[in-house]
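Reviewing the structure listed below.
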Amino acid sequence: MEKIIVRFILISRWIMAPFYFGLVIALAVVLFKFGAELLHFVLHAYDSSETDVILGILALIDLTFTGSLVVIVIFSGYENFVSKIDVEGHANWPEWMTKVDFAGLKQKLLASIVAISAIALLKAFMSIDKGGIDEKVLYWMVVIHIVFVVSGVVLAWTDKIADKGNH
């Protein structure tokens, strides 16, 4: 009976596979938004102010970070929770993709969130002169960004403590 239960539990991890496939579709949506943003950026570059150009670049960087975050979650999540990815025959396969454990995944995820938050905050600061941001909204953006940064530091610290306990 125990073997059946263990087998059932091991097979159940494949339930996660559609989630990762869904993230691949989400990545395609991010690519579509990136393309639309890039097209808008290029078509309006001539008439844009320096601030608008910088904001456009930040929007592209933001979408790039988001896409990178999705890729990190897809590969390391699949590798950690569903099945080992066979990289033989793929000479250009990024080595880190098969070496990110769950702790590393959490750290990369939070680092990406902090970067995305920082870009959003920078965009908000740059649009202050246009009157496009409320002080209260800006205040909460800063508070939330600080929470993300502190969370990242605490997560790295606890992972370091846990890692020391394993050695």
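Under my numbering, the first residue of the sequence shown carries the number 9, and numbering increases by one thereafter. Beta carbons: idealized from backbone N, C-alpha and C, even for Gly.
Residue burial is scored here from C-beta neighbours: L77 has at least 16 other C-beta atoms within 10 angstroms and is therefore classed as buried.
In this structure, S56 and G64 form a Cβ contact; the two beta carbons are roughly 7 Å apart against a cut-off of 8 Å. Boundaries of the alpha helix (DSSP H) around E87: 58-89. Taking the Cα positions, I169 is about 21 Å away from V155.
Check the Cα spacing between L71 and each of K41, T59, N88: the tightest is with K41.
Following the DSSP letters along the chain, one finds Y28 inside the alpha helix (DSSP H) bounded by residues 25-51. Rounded to whole angstroms, the separation of the alpha carbons of V81 and F73 is 12 Å. Secondary structure at S20: helix, using DSSP grouped into helix, strand and coil. Cβ-Cβ separation between M134 and I69: approximately 13 Å, too far for a contact (criterion under 8 Å).
In this structure, L46 keeps its C-beta atom at 8 Å or more from the C-beta atom of K114.
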